[in-house]
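**Q** Okay, here's the structure, questions in a sec.
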Amino acid sequence: MEAPSLLVIVFLVQLAIHIVNTVGASTINDLLWYLYNIFPTPTSKGAAEQRQLKAKFLRIRAELNATSSQDEFAKWAKLRRQHDKVLEQYEKIKSDLNSTKSTFDRTVSALRWLGTTGVRTLLQFWCSKQAMFWIPKGWVPYYAEWLLSFPRAPIGSISINAWFIACAAMILLVSDAIVGVVGLVMVDGLAQMPKGKGDPMKMPSEKSGQDTSEEKKEL
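Under numbering that gives the first Met the number 0, the letters of the sequence shown match residues 0 to 218, in that order.
Structure below.
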């Protein structure tokens, strides 16, 4: 494999690992599970039915909470029976889907590990003797050249391990800078929001009215 293409592959692998660590494995699994159920898969029908039952359950529960069990007992009892029936159906479908989702999560986690950490480990082992690029002679001391070429790259070159570390540091710095810039923009936006037009006009109190009448009486 040529060094320029290997440099890009190493960077992309490290970027994928950073995205997974930043977003979170569980969030990625939930997103992939949602996308999986959008297509005509074996669980798409059950997932759609679960969403419908959830919406129906929330609607019935809101109506049940707004109904008095004393003043409207007949209506309340009917809503209660519907509530329990829908809840039972929802829990059954949820239990079946959770069993399938557990298998789905394990499969996705294994594929994600193979596509990120597994690929990185394979590249570090397979290309350990290959130089990513060379540094000019005399730029750094010999011990630094040895460290940069660790473990088995030629002395005076950058090993794949050192390039992985450099990519990770660069991606982390850029990510922190982006987060900082976005935070500053949001803070500036909140600071520039229009404030209130001042305190409302105060109404004259009863005491002030009494004082005025007393002054008139004295006059």
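Don't be surprised by glycine CBs; every beta carbon is placed ideally from N, CA and C.
Looking at residue 145 and residue 159, is the spacing between their C-beta atoms short of 9 Å?
**A** Start at 1 with the first residue of the sequence shown, and residue 159 comes out as number 160. Start at 1 with the first residue of the sequence shown, and residue 145 comes out as number 146. Cβ distance not < 9 Å, so residue 159 and residue 145 don't count as in contact.
**Q** With DSSP as the reference, label residue 148 as helix, strand or coil.
**A** Counting from one through the sequence shown, the residue named residue 148 turns up at place 149. Correct three-state label for residue 148: coil.
**Q** If we ignore side chains and look at the alpha-carbon of each, how far apart do residue 171 and residue 22 end up?
**A** As a working note, residue 171 is residue 172 in the sequence shown. As a working note, residue 22 is residue 23 in the sequence shown. Their Cα atoms are separated by approximately 14 Å.
**Q** Excluding the 5 residues preceding and the 5 following residue 20 in the sequence, name in chain order all residues of the same chain whose CB lies nearer than 6 Å to its CB.
**A** As a working mapping, residue 20 is identified with position 21 in the sequence shown. There are no such residues.
**Q** Going by DSSP, which residues form a beta bridge with residue 156?
**A** Within the sequence shown, the letter at position 157 stands for residue 156. DSSP lists 133 as partners of residue 156.
**Q** Measuring only the C-alpha atoms, how far is residue 105 from residue 111?
**A** To locate residue 105, count along the sequence shown from 1; it is residue 106. To locate residue 111, count along the sequence shown from 1; it is residue 112. Roughly 10 Å separates the two Cα atoms.
**Q** Could you pull the start and end residues of the alpha helix (DSSP H) that residue 56 belongs to?
**A** In the sequence shown, the residue the question calls residue 56 occupies position 57. Its alpha helix (DSSP H) spans residues 43-64.
**Q** Residue 151 to residue 116, Cα distance in whole Å?
**A** Stepping through the sequence shown from its first residue, residue 151 is reached at position 152. Stepping through the sequence shown from its first residue, residue 116 is reached at position 117. Spanning the two alpha carbons is a distance of roughly 20 Å.
**Q** Hey, quick one: how far does the alpha helix (DSSP H) through residue 69 stretch, first residue to last?
**A** Within the sequence shown, numbered from 1, the residue matching residue 69 stands at position 70. Run containing residue 69: none; DSSP gives neither H nor E here.
**Q** According to the neighbour-count rule (16 or more other Cβ atoms, all chains shown, within 10 Å of its Cβ), is residue 36 buried or exposed?
**A** For this step, residue 36 is matched to residue 37 along the sequence shown. Classification of residue 36: buried, given that the 10 Å Cβ count is 16 or more.
**Q** Taking the alpha carbon of residue 6 as the reference point, which residue from 100, 162, 182 has its own alpha carbon closest?
**A** Taking the first residue of the sequence shown as position 1, residue 6 is located at position 7. Closest option to residue 6, Cα to Cα, is 162.
**Q** Please report the distance separating the alpha-carbon of residue 180 from that of residue 166.
**A** Along the sequence shown, one-based indexing puts residue 180 at 181. Along the sequence shown, one-based indexing puts residue 166 at 167. Answer to the nearest angstrom: the Cα atoms are 21 Å apart.
**Q** What residue does the alpha helix (DSSP H) around residue 40 start on, and which one ends it?
**A** Along the sequence shown, one-based indexing puts residue 40 at 41. That residue, residue 40, is in no alpha helix (DSSP H); it is neither H nor E in DSSP.
**Q** So, do the region 93-100 and the region 123-131 have three or more beta carbon pairs nearer to each other than 8 Å?
**A** Contact between the region 93-100 and the region 123-131 is absent, because fewer than three Cβ pairs lie under 8 Å.
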